[in-house]
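*Asks:* Residue numbers (UniProt numbering): 1 to 106.
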């Protein structure tokens, strides 16, 4: 998360009306804050890891790259196309399949 903005709109006095003349006497205290987010992995990862101070997707479906936007070597597909599914049993995000040129090679 970058550039997080917190707006404190009115003092927690228990009243809706606050006297503008006395606003300088009120103060705010934040005791706990939790910010939740997720990585952009094009639906090809269930989690991320921190490596060299950067978030990297733990890619699945034979994909690779910081956002799982490329197929691994000898695979082809449309990993950059999030949210669409190939018509296979149980559906999955555009999985990379072995390329024809790599079939039969070790």
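For every residue, glycine included, the Cβ atom is placed at its ideal position computed from N, Cα and C.
#1: So, with DSSP's three-state summary, where would you put residue 20?
#2: Between 72, 29 and 5, which has its C-alpha nearest residue 35's C-alpha?
#3: Counting only the same chain and skipping the five closest in sequence on each side, list residues whose C-beta sits under 8 Å from that of residue 49.
#4: Could you compute how far the alpha carbon of residue 70 sits from the alpha carbon of residue 25?
#5: Taking the continuous beta strand (DSSP E) assigned at residue 58, which residues delimit it?
#6: Rounded to whole angstroms, what is the Cα-Cα separation between residue 22 and residue 3?
*Replies:* So, from the listed chains and residues:
#1: helix
#2: 5
#3: 55, 56 and 58
#4: 57 Å
#5: Run containing residue 58: 54-59, per the beta strand (DSSP E) assignment.
#6: 30 Å
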